[in-house]
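K.L.:
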Amino acid sequence: KQEVTQIPAALSVPEGENLVLNCSFTDSAIYNLQWFRQDPGKGLTSLLLIQSSQREQTSGRLNASLDKSSGRSTLYIAASQPGDSATYLCAVRPRTGFQKLVFGTGTRLLVSP
Amino acid sequence: NAGVMQNPRHLVRRRGQEARLRCSPMKGHSHVYWYRQLPEEGLKFMVYLQKENIIDESGMPKERFSAEFPKEGPSILRIQQVVRGDSAAYFCASSPPGGTDTGELFFGEGSRLTVL
Chain A
4 KQEVTQIPAA LSVPEGENLV LNCSFTDSAI YNLQWFRQDP GKGLTSLLLI QSSQREQTSG
64 RLNASLDKSS GRSTLYIAAS QPGDSATYLC AVRPRTGFQK LVFGTGTRLL VSP
Chain B
-18 NAGVMQNPRH LVRRRGQEAR LRCSPMKGHS HVYWYRQLPE EGLKFMVYLQ KENIIDESGM
42 PKERFSAEFP KEGPSILRIQ QVVRGDSAAY FCASSPPGGT DTGELFFGEG SRLTVL
């Protein structure tokens, strides 16, 4: 059974810092891995999607890496801003039963001015 | 092109009442997925539907919960005789027939159910 863990559960940093959010999964048989952002009381905004054959994806100040063999992904946020404050969710799409995304419980990020 | 539309955004029910949550997928999408997010927990898969068919309901509680996606109209998640433990955010996602090139799902804003 696929399980997804995100560390740390919460993170507080001053504005301008570079930071790394971690995601680990127990079964390497994945179709893809997706990072989402969730603001309080809001829906999910897709940030980056990495296919199982890819090593990383970049969008602006965000970079996500994937090491499928070790069951890990990291989301790197450069030059953090207060507007980055949100909960960041990692989700894997297994190869079997692939429509069932398996989510981590998220990392709650607070970037203070 | 409107995204995945969910309504109501917020719903308050008393214990024992029924809750109906609606989801209209993105234009051109015929696959709908429902996920539930309990307080302080991650999203959990509930059910996967195509038009007029339930494909996978392995994440649905066995009692009081049902889902449908009729030929016309939105997908509906129905919760009968709600209890306090049903209080959660219910998210709908959609994808086109055959999926996208990337296998991506597109999520709605969610419906937040509060049971008093």
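Top to bottom, those sequences are chains A and B.
Per our numbering: the first sequence = residues 4 to 116.
Per our numbering: the second sequence = residues -18 to 97.
Yeah, the Cβ is synthetic: ideal placement off N, Cα and C, and Gly gets one too.
1. Since residue -13/B sits in a beta bridge, which residues does DSSP pair it with?
2. Can you round the beta-carbon distance between residue 104/A and residue 96/A to whole angstroms, since I take them to be within the 8 Å contact cut?
3. Which chain A residues are close to residue 90/B, counting only those with a beta carbon under 7 Å from its beta carbon?
4. State yes or no: is the C-beta of residue 74/B within less than 8 Å of the C-beta of residue 58/B?
5. Answer with buried or exposed for residue 12/B, where buried requires no fewer than 16 other C-beta atoms within 10 angstroms of its C-beta.
6. Let's see if you can read the secondary structure: which residues bound the beta strand (DSSP E) around residue 12/B?
7. Helix or strand or just coil, what does DSSP make of residue -6/B?
8. Could you name the residues of chain B that residue 78/A contacts, counting a contact when the two beta carbons are closer than 8 Å?
9. Determine, using beta carbons only, whether residue 22/A and residue 38/A come nearer to each other than 8 Å.
10. Taking the alpha-carbon positions, what's the residue 16/A to residue -16/B distance?
11. Could you compute how far the alpha carbon of residue 43/A sits from the alpha carbon of residue 52/B?
12. Cβ closer than 8 Å: which chain A residues qualify as neighbours of residue 2/B?
13. Check for me: the beta strand (DSSP E) holding residue 49/B runs from which residue to which?
14. With DSSP run on the structure shown, which of helix, strand or coil describes residue 77/B?
15. Please confirm whether residue 86/B has its beta-carbon closer than 8 Å to some beta-carbon of chain A.
16. Is there at least one Cβ from chain B nearer than 8 Å to residue 19/A's Cβ?
17. Determine whether the beta carbon atoms of residue 48/A and residue 27/A lie at a separation below 8 Å.
18. Name the DSSP bridge partner or partners of residue 98/A?
19. Rounded to a whole number of angstroms, what is the C-alpha to C-alpha distance between residue 77/A and residue 89/B?
20. Would residue 54/B pass as an interface residue toward chain A - the criterion being a Cβ-Cβ separation below 8 Å?
P.N.:
Let me lay it out:
1. Within the second sequence, residue -13/B is the residue found at index 6, counting from 1. Note: residue -13/B sits in a beta bridge opposite 4/B.
2. Position 101 of the first sequence holds residue 104/A. Position 93 of the first sequence holds residue 96/A. The pair is a contact, with the Cβ atoms about 5 Å apart (cut-off 8 Å).
3. Locating residue 90/B in the second sequence gives position 109, counting from the first residue. 45, 46, listed in chain order.
4. Residue mapping note: residue 74/B aligns to position 93 of the second sequence, counting from 1. Residue mapping note: residue 58/B aligns to position 77 of the second sequence, counting from 1. Going by C-beta atoms, residue 74/B is not nearer than 8 Å to residue 58/B.
5. Locating residue 12/B in the second sequence gives position 31, where the first residue counts as 1. It is buried - the Cβ of residue 12/B has at least 16 other Cβ atoms within 10 Å.
6. The sequence position of residue 12/B within the second sequence is 31, counting from 1. Where residue 12/B is concerned, the enclosing beta strand (DSSP E) stretches over 12 to 18.
7. Stepping through the second sequence from its first residue, residue -6/B is reached at position 13. Three-state DSSP puts residue -6/B in a strand.
8. Taking the first sequence and counting its residues from 1, one reaches residue 78/A at position 75. In chain order: nothing, as chain B lies at least about 16 Å away.
9. In the first sequence, the residue the question calls residue 22/A occupies position 19. In the first sequence, the residue the question calls residue 38/A occupies position 35. Their beta carbons are not under 8 Å apart, which means residue 22/A does not touch residue 38/A by this criterion.
10. Position 13 of the first sequence holds residue 16/A. Position 3 of the second sequence holds residue -16/B. Using only the alpha carbons, I get a separation of about 33 Å.
11. Here residue 43/A is taken as the residue at index 40 of the first sequence, counted from 1. Here residue 52/B is taken as the residue at index 71 of the second sequence, counted from 1. Residue 43/A and residue 52/B: Cα-Cα distance of roughly 34 Å.
12. Residue numbering aside, residue 2/B sits at position 21 when the second sequence is read from its first letter. Simply none; closest approach about 14 Å.
13. Residue mapping note: residue 49/B aligns to position 68 of the second sequence, counting from 1. Residues 46 to 49.
14. Within the second sequence, residue 77/B is the residue found at index 96, counting from 1. Three-state DSSP puts residue 77/B in coil, outside helix and strand.
15. In the second sequence, the residue the question calls residue 86/B occupies position 105. Output row for residue 86/B: interface = yes.
16. Start at 1 with the first residue of the first sequence, and residue 19/A comes out as number 16. False, the Cβ-Cβ gap to chain B never drops below 8 Å.
17. Stepping through the first sequence from its first residue, residue 48/A is reached at position 45. Stepping through the first sequence from its first residue, residue 27/A is reached at position 24. It is not a contact, given that the beta carbons lie outside the stated cut-off.
18. By one-based count along the first sequence, residue 98/A stands at place 95. Paired residues: none, contrary to the question.
19. Within the first sequence, the letter at position 74 stands for residue 77/A. Within the second sequence, the letter at position 108 stands for residue 89/B. Answer to the nearest angstrom: the Cα atoms are 25 Å apart.
20. Looking up residue 54/B in the second sequence gives position 73. False, the Cβ-Cβ gap to chain A never drops below 8 Å.
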